[in-house]
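S.K.:
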Amino acid sequence: MQQRVLQGGTSVEMLVFCQAGFGTLAMGLVAGASDKLGPGVAMMRADHRVAGAILLWAVAITVGVTLVMRLVGEFSAVTAVAVTTVRKAATLAASYILFPKPLGWGHVGGAALVFGSAFVKHALGRRKA
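Each residue of the sequence shown is one higher than the one before, counting from 2 in our numbering.
1) Of the residues Thr63, Arg46, Ser12 and Met45, which one's Cα is nearest the Cα of Gly24?
2) Taking only runs that begin and end inside the region 28 to 72, name each unbroken alpha helix (DSSP H) of 4 or more residues, in chain order.
3) Report the three-state DSSP secondary structure of Gly9 (helix, strand or coil).
4) Helix, strand or coil: how does DSSP classify Ser77 here?
5) Need the endpoints of the alpha helix (DSSP H) that Lys122 sits in, please.
6) Would you say Gln20 and Ser77 are within 9 Å of each other, going by their C-beta atoms?
7) Please state the DSSP three-state secondary structure of Lys102.
8) Is Met15 helix, strand or coil when you go by DSSP?
9) Can you name, in chain order, every residue of its own chain whose Cβ lies under 7 Å from the Cβ of Thr80, other than the five neighbours on each side?
10) How should Leu7 be labelled, buried or exposed, when 16 other C-beta atoms within 10 angstroms of its C-beta is the threshold for buried?
11) How many Å lie between Asp48 and Pro103 at the Cα?
Below is the structure:
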């Protein structure tokens, strides 16, 4: 959907701004309806570290979303999905390298399913071409 909006002439910045605005509005309505908004604001006012952490988190998310939208706008949604998938795989690998943990049969089975499905998808794509 975002790719169609970007192809229609909307800028990446405007798309991210509108998505963030609607997301903030929806989150505010849900938090207000569930009586979580007041305590959340009180916690941020009581401890400025909480407000700072939330602000940094929001900035990081906005930068990340903007970069992904730029990928979609300049290349395609498929390219953006490929890049984000490789990033997730690299993060997972780094997690196991930096914080070693025991590997079990579930890890082996999961890796076999992921790589097996990628192989099958690639093979089916070649057959159609």
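Glycine included, each C-beta is placed from N, C-alpha and C at the ideal position. These numbers come from a predicted model, not from an experiment.
M.R.: Taking the definition as stated:
1) Taking the sequence shown and counting its residues from 1, one reaches residue 24 at position 23. The option with the nearest alpha carbon to Gly24 is Thr63.
2) You should have 38 to 47.
3) Taking the first residue of the sequence shown as position 1, residue 9 is located at position 8. DSSP places Gly9 in coil when its eight states are reduced to three.
4) Locating residue 77 in the sequence shown gives position 76, where the first residue counts as 1. Ser77: coil per DSSP, three-state reduction.
5) Along the sequence shown, read from residue 1 onward, the residue named residue 122 stands at position 121. Annotation: the continuous alpha helix (DSSP H) that includes Lys122 extends over Trp106 to Lys129.
6) Here residue 20 is taken as the residue at index 19 of the sequence shown, counted from 1. Here residue 77 is taken as the residue at index 76 of the sequence shown, counted from 1. Judged by their CB atoms, Gln20 and Ser77 are not nearer to each other than the 9 Å cut-off.
7) Looking up residue 102 in the sequence shown gives position 101. Coil, per DSSP.
8) What you label residue 15 is simply residue 14 of the sequence shown in a count that begins at 1. Helix, per DSSP.
9) Sequence index remark: in the sequence shown, residue 80 carries index 79 (1-based). If we look at Thr80 and ignore the five residues flanking it on each side, its Cβ neighbours are Leu72.
10) Locating residue 7 in the sequence shown gives position 6, counting from the first residue. The residue is buried, with at least 16 neighbouring Cβ atoms inside 10 Å.
11) The sequence position of residue 48 within the sequence shown is 47, counting from 1. The sequence position of residue 103 within the sequence shown is 102, counting from 1. Spanning the two alpha carbons is a distance of roughly 38 Å.
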